[in-house]
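Single-structure report; data block below.
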Amino acid sequence: MVKLLDFYADWCGPCQAMEGVIKEIEKELKGKVEVVEINVDKDSTEAAKYGVMSIPTFVVLKDGKEIGRKIGHTTKAELLKLLNS
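Residue 207 is where the sequence shown starts when you use our numbering, and the numbers rise one by one after that.
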């Protein structure tokens with residue numbers, strides 16, 4: 207299964223703006239994509255593991271390996287394209 211790691215923080219405006227898009231993708235791709243939300247303020251270890259330097263950052267994993275990454279505010283279409291790559 208493909209995983210979408212969503213690195214965010216509660217105080218991050220662009221992260222909050224992406225929340226609705228992430229929820230839509232989660233519903234549309236249920237059973238195909240697992241969305242994992244990672245609050246960088248509470249889990250800095252995971253952020254460091256993936257080299258996250260700014261948020262929001264979206265990392266796509268397939269079979270545990272990174273196959274794509276998008277940094278910053280983006281569109282639903284761009285995230286879907288990344289997930290289908």
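Every residue gets a Cβ at the ideal spot worked out from N, C-alpha and C, and that includes glycine.
Three-state secondary structure (DSSP) of residue i
i: Val258; result: coil
i: Leu286; result: helix
i: Lys271; result: strand
i: Thr263; result: strand
i: Val227; result: helix
i: Lys233; result: helix
Beta-carbon proximity check, residue i vs residue j, cutoff 9 Å
i: Ile244; j: Glu252; result: yes
i: Lys209; j: Glu240; result: yes
i: Tyr256; j: Val242; result: no
Cβ-Cβ separation, residue j to residue i (assumed contact under 8 Å), whole Å
i: Tyr214; j: Ile277; result: With 8 Å as the limit, Tyr214 and Ile277 do not qualify as a contact, their Cβ atoms being about 12 Å apart.
i: Lys287; j: Val227; result: That pair is no contact at about 13 Å.
i: Leu289; j: Leu235; result: 7 Å
Residue i versus residue j: straight-line alpha-carbon distance, rounded
i: Asp249; j: Gly219; result: 19 Å
i: Asp247; j: Asp216; result: 8 Å
i: Lys238; j: Met207; result: 6 Å
i: Met224; j: Leu211; result: 13 Å
Closer than 8 Å: residue i CB and nearest the ligand GTP heavy atom
i: Ala253; result: The ligand GTP is absent from the structure shown, which contains no ligands of any kind.
Nearest to residue i (by Cα), restricted to the options the options
i: Lys272; options: Thr280, Cys221 and Ser291; result: One detail in the question is off: residue 272 reads as Glu in this sequence, not Lys. Looking at the Cα atoms, Ser291 is the closest of the given residues.
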